[in-house]
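Worksheet for the structure shown next.
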Amino acid sequence: MYRKVLLIIGACLLFSFIHNTISAQKKSLAQKVDSVLRLMTLEEKIGQLNQYNDDQSATGPVTLDNDKIGQIKRGQVGSLLNCVGVARTRNWQKVAMQSRLKIPLLFGQDVIHGYKTTFPIPLGEAASWDLEAIQQSARVAATEASASGLHWTFAPMVDIARDPRWGRVMEGAGEDPYLGSLIATARVKGFQGNHLGDLNSVMACVKHFAAYGAAIGGRDYNSVDMSDRLLWEVYLPPFKAALDAGAATFMNSFNDLNGVPATGNSYLQRTILKGKWGFKGFVVSDWGSIGEMINHGNVKDGYEAAQSAITAGCDMDMESRNYKNNLAKLVVDKKINIALINDAVKRILLKKFELGLFDDPFSYSNEAREKAVLNNPEHAKIARSVAAKSIVLLKNDNNVLPLSKNINTIAFIGPLVKSLKQNKGFWDVEVPGVDSDYIVSQWQGLKNKVGANTNLLYAKGCEIEGTNKSGFAEAIAVAKQADVVILSIGERRDMTGEAKSRSNISIPGVQEDLLKALLATGKPVVVLINSGRPLVFNYTADHATAILYTWWLGSEAGNAIADVLFGDVNPSAKLPMSFPVSVGQIPIYYSHFNTGRPALNDANRIYNSSYNDLSIFPKYEFGYGKSYTSFEYSKLQLSMKKIKQTDTIEVSVTITNSGKYDGDEVVQLYLRDRVGSIVRPIKELKDFKKIFLKAGESKTIQFRIDKQKLSFYNQQLKWVAEPGDFDLMIGSSSRDIRVKDSFELVN
Ligand code: GLC
Numbered sequence: 123m124y125r126k127v128l129l130i131i132g133a134c135l136l137f138s139f140i141h142n143t144i145s146a147q148k149k150s151l152a153q154k155v156d157s158v159l160r161l162m163t164l165e166e167k168i169g170q171l172n173q174y175n176d177d178q179s180a181t182g183p184v185t186l187d188n189d190k191i192g193q194i195k196r197g198q199v200g201s202l203l204n205c206v207g208v209a210r211t212r213n214w215q216k217v218a219m220q221s222r223l224k225i226p227l228l229f230g231q232d233v234i235h236g237y238k239t240t241f242p243i244p245l246g247e248a249a250s251w252d253l254e255a256i257q258q259s260a261r262v263a264a265t266e267a268s269a270s271g272l273h274w275t276f277a278p279m280v281d282i283a284r285d286p287r288w289g290r291v292m293e294g295a296g297e298d299p300y301l302g303s304l305i306a307t308a309r310v311k312g313f314q315g316n317h318l319g320d321l322n323s324v325m326a327c328v329k330h331f332a333a334y335g336a337a338i339g340g341r342d343y344n345s346v347d348m349s350d351r352l353l354w355e356v357y358l359p360p361f362k363a364a365l366d367a368g369a370a371t372f373m374n375s376f377n378d379l380n381g382v383p384a385t386g387n388s389y390l391q392r393t394i395l396k397g398k399w400g401f402k403g404f405v406v407s408d409w410g411s412i413g414e415m416i417n418h419g420n421v422k423d424g425y426e427a428a429q430s431a432i433t434a435g436c437d438m439d440m441e442s443r444n445y446k447n448n449l450a451k452l453v454v455d456k457k458i459n460i461a462l463i464n465d466a467v468k469r470i471l472l473k474k475f476e477l478g479l480f481d482d483p484f485s486y487s488n489e490a491r492e493k494a495v496l497n498n499p500e501h502a503k504i505a506r507s508v509a510a511k512s513i514v515l516l517k518n519d520n521n522v523l524p525l526s527k528n529i530n531t532i533a534f535i536g537p538l539v540k541s542l543k544q545n546k547g548f549w550d551v552e553v554p555g556v557d558s559d560y561i562v563s564q565w566q567g568l569k570n571k572v573g574a575n576t577n578l579l580y581a582k583g584c585e586i587e588g589t590n591k592s593g594f595a596e597a598i599a600v601a602k603q604a605d606v607v608i609l610s611i612g613e614r615r616d617m618t619g620e621a622k623s624r625s626n627i628s629i630p631g632v633q634e635d636l637l638k639a640l641l642a643t644g645k646p647v648v649v650l651i652n653s654g655r656p657l658v659f660n661y662t663a664d665h666a667t668a669i670l671y672t673w674w675l676g677s678e679a680g681n682a683i684a685d686v687l688f689g690d691v692n693p694s695a696k697l698p699m700s701f702p703v704s705v706g707q708i709p710i711y712y713s714h715f716n717t718g719r720p721a722l723n724d725a726n727r728i729y730n731s732s733y734n735d736l737s738i739f740p741k742y743e744f745g746y747g748k749s750y751t752s753f754e755y756s757k758l759q760l761s762m763k764k765i766k767q768t769d770t771i772e773v774s775v776t777i778t779n780s781g782k783y784d785g786d787e788v789v790q791l792y793l794r795d796r797v798g799s800i801v802r803p804i805k806e807l808k809d810f811k812k813i814f815l816k817a818g819e820s821k822t823i824q825f826r827i828d829k830q831k832l833s834f835y836n837q838q839l840k841w842v843a844e845p846g847d848f849d850l851m852i853g854s855s856s857r858d859i860r861v862k863d864s865f866e867l868v869n
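The sequence shown begins at 123 in our numbering and counts up one residue at a time.
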């Protein structure tokens, strides 16, 4: 007993020591920030809120000004973006050290899916449902970016997106807030590591706050109009998850939300983010979005734009120059209180202290470290593994895959077979001198894989776009010599991304005609579809022998594709977004309401919520993806069938690998609240587990259902769980439900 008491006392003393140490550190940082703030002139304070694009490259409309160096020397600039590499960042930091107070610059960059080592586009990575892999990918990106002088990445993009016409679906994690929240958390942890100031960590920047992915018509930068309830239930959760993971910064968005531009939206930035959620980091505008409030028609000029944005909680002005040109006058005119500026400056200075930049402004600019880190072979291995986990097997007739390694002849055909940079997708980083020679093409990946006895034939067949079929004859001739044809088709990498909204999301050009011609040879055709978004490809879906959705897989694309084609990796990815049969179905997502006249199938279209001319079902649903093996679900058990608000149900289910290949299965758990004061979706993803099973192996896995998983925002925006019956469904996709049960929540 005595020993126990001593242990408890010791634990308490240790806890209070740690707590006091941390709070002392925080206090000392706050004191340091205050001590710098007291020295600053108004002009220098405004300088910290001013971010310029460097002149290496641009990710938006450029404003040229020729005295950046002079402005930095006068302390009128706080940060640069699109400035990469130790040499370049070191030079700019040297200029900043000539300013009166020597406040270091922050260097930010869109490191969205890798820096030198390019990983799959984020939507592709999301298809892995592998949170560890996703975190590791961000970790490698942060390690490489920080070794190249960067302090800050403008990622993760966490916008929920349910309209594949919107080109920026490629940057996020798809349509579901539960999956999106977990992936946002993984990415923030990967980028920021254990804590800021670790040399392998960079600040994350959660974007685009908020609801940018709901742009009407899928047209980029378009308006967003939704109820607060939908905003809270679907679009805000990934932001809150990222904040809870410690995200250092947020970026607001170009869109207006219910008529108020996000950049000038105090409900979003003050009431929610800095108020209710208590965010202590800082908010940066999105490229010129402060000035764009004039176009929105929300303010009449730059003076009012600056006033609106700083008042609404936008701390840093990316590229618009409206803070630099107007804030001082707004203070003099008593239109804003200096306290607004002081608060923004303190938020930014605090991050510069946390990054250790006041101790050593050049700590991230070390040539030797950059050289070593950017040539670490481990990074390529990780990229290859993450890429293979991102490939979705959509179809595999006659089990044509995996290919035998003794296969005699393969015809590898298509406009993307020998591409290099296409594999990087949109939002790759142009790293001077090191990027384009480090990509494994799809052709090279197969050459690396096949043995001396396998004959690899090639034909381009056609271009990505255009109507020219003159290459078909050569492709057909090559196909006729082969045991199997692999056809790699899709988009150009810059057909999906920012400002790349498309009204027609079919596979462009005559690529599907090429498939038809190749199928006419009678050979099995395995199709690789390369894209940044869900495409419409019904002919391919209905006629190809097998289909792998390969997104854009990055630097190790070729090796990863070969690993899956030959079964060294059994595909396990699941779609993070619904794939429509036609653009006419959009928006289409699995967690929809039932409506008063539910359309339950395509057979009966009378007096229900269906199309008269189109199926109500997507071509491929959220959570869909095949494996080379098969999985059986059995023995579903619930520890309780009637629970109170404080109870937790223990759910167990047995999964068996009933096929002949070892493999991973993403076991998905969906719930339906049958009756609610706000109608509830027909199902919502509430948990999942990705498990590995050897051929023939069985595992029993557990889930826990608590009040949190039963709750939703009611009419008063209160997060509540209402008594009533719930359906529990567990399956291999949102439509492929294998086992189900129900339970009741009593009051
Ligand atoms: C772009 C994008 C944003 C990016 C920023 C800086 O316009 O909207 O996601 O981080 O500008 O490149």
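Glycine included, each C-beta is placed from N, C-alpha and C at the ideal position.
Cβ of residue i within 9 Å of any chain D Cβ
{"i": "Ile627", "result": "No chain D appears in the structure shown, which is made up of a single protein chain."}
Distance between residue j and residue i (C-alpha atoms, nearest Å)
{"i": "Gly612", "j": "Ser623", "result": "16 Å"}
{"i": "Met851", "j": "Lys805", "result": "8 Å"}
{"i": "Gly435", "j": "Lys398", "result": "13 Å"}
{"i": "Ala604", "j": "Ile598", "result": "10 Å"}
{"i": "Thr776", "j": "Ala494", "result": "46 Å"}
{"i": "Ile827", "j": "Trp251", "result": "20 Å"}
{"i": "Asp858", "j": "Gln193", "result": "60 Å"}
{"i": "Gly197", "j": "Lys446", "result": "11 Å"}
{"i": "Ser442", "j": "Leu202", "result": "13 Å"}
{"i": "Ala255", "j": "Val508", "result": "6 Å"}
{"i": "Leu675", "j": "Gly271", "result": "25 Å"}
{"i": "Ile708", "j": "Val346", "result": "16 Å"}
{"i": "Ile765", "j": "Ile394", "result": "32 Å"}
{"i": "Gly689", "j": "Gln147", "result": "52 Å"}
Identity of the residue in the options nearest residue i by Cα
{"i": "Val882", "options": "Val155, Ile191, Asp366, Ser563", "result": "In the structure as shown, the chain starts at 123 and stops at 869, and residue 882 therefore has no counterpart that could be examined."}
{"i": "Leu670", "options": "Leu636, Pro693, Thr589, Glu678", "result": "Pro693"}
{"i": "Pro720", "options": "Ile771, Asn726, Val606, Asn730", "result": "Asn730"}
{"i": "Gly619", "options": "Leu641, Ile800, Gly289", "result": "Gly289"}
{"i": "Ile627", "options": "Ser526, Lys216, Gly654", "result": "Gly654"}
{"i": "Lys571", "options": "Asn528, Glu297, Cys584", "result": "Asn528"}
{"i": "Ala277", "options": "Gly424, Val291, Thr371", "result": "Thr371"}
{"i": "Lys457", "options": "Asp465, Ile432, Ser526", "result": "Ile432"}
{"i": "Asn590", "options": "Asn577, Lys569, Pro630", "result": "Pro630"}
{"i": "Asn380", "options": "Asn420, Ala364, Arg392", "result": "Asn420"}
Those residues which DSSP pairs with residue i across a bridge
{"i": "Pro383", "result": "Asp378"}
{"i": "Phe475", "result": "Bridge partners of Phe475: none, in fact."}
{"i": "Asn172", "result": "Asp439"}
{"i": "Cys327", "result": "Thr371"}
{"i": "Ala668", "result": "Asn518, Val648"}
{"i": "Phe229", "result": "Leu202"}
{"i": "Met851", "result": "Tyr792, Lys862"}
{"i": "Lys468", "result": "DSSP, once it has assigned bridges, lists no residue as partnering Lys468."}
{"i": "Ser610", "result": "Leu650"}
{"i": "Gln824", "result": "Ser774"}
{"i": "Asp809", "result": "Leu791"}
Cβ neighbours of residue i in the same chain (closer than 6 Å, five flanking residues each side left out)
{"i": "Arg351", "result": "Tyr835"}
{"i": "His661", "result": "In the sequence on display, residue 661 carries Tyr and not His. These residues qualify, in order along the chain: Glu634."}
{"i": "Ala581", "result": "Ile535, Glu596, Ala597, Val600"}
{"i": "Asn170", "result": "Looking at the sequence shown, residue 170 is not Asn but Gln. Gly200, Val467, Ile470."}
{"i": "Asp786", "result": "Ser694, Lys812, Phe814"}
{"i": "Ser411", "result": "Phe376, Thr385"}
{"i": "Ile738", "result": "Ala721, Ser732"}
Sequence-distant residues of its chain with Cβ nearer than 7 Å to residue i (five each side left out)
{"i": "Gly478", "result": "Gly319, Ser485"}
{"i": "Tyr742", "result": "Leu516, Leu697, Phe701"}
{"i": "Glu772", "result": "Ser761, Gln824, Arg826"}
Cβ shell of residue i (< 8 Å), same chain only, five flanking positions each side left out
{"i": "Thr275", "result": "Gly230, Gln231, Asp232, Val233, Ile234, Ala263, Ala264, Ala267, Phe313, Val324, Met325, Ala326, Cys327"}
Mind pulling the beta strand (DSSP E) runs of 3 or more residues that sit fully within the region 744-805? Look at the region 744-805 and you find these whole runs of beta strand (DSSP E), each 3 residues long or longer: 753-760, 771-779, 785-795.
Which parts of the region 486-574 are runs of the beta strand (DSSP E), unbroken and 3 residues or longer, counting only runs that do not cross its ends? Listed in chain order, they are 514-518, 531-535.
Mind listing, in chain order, the continuous beta strand (DSSP E) runs of no fewer than 3 residues lying wholly within the region 272-358? Segments of the beta strand (DSSP E) lying fully in the region 272-358: 327-331.
Near the ligand NAD, which residues have their beta-carbon closer than 7 Å to a heavy atom? The ligand NAD is not part of the structure shown, which contains the ligand GLC as its ligands.
Which full runs of the beta strand (DSSP E) of 3+ residues lie inside the region 207-262, going along the chain? Runs of the beta strand (DSSP E) inside the region 207-262: 228-231.
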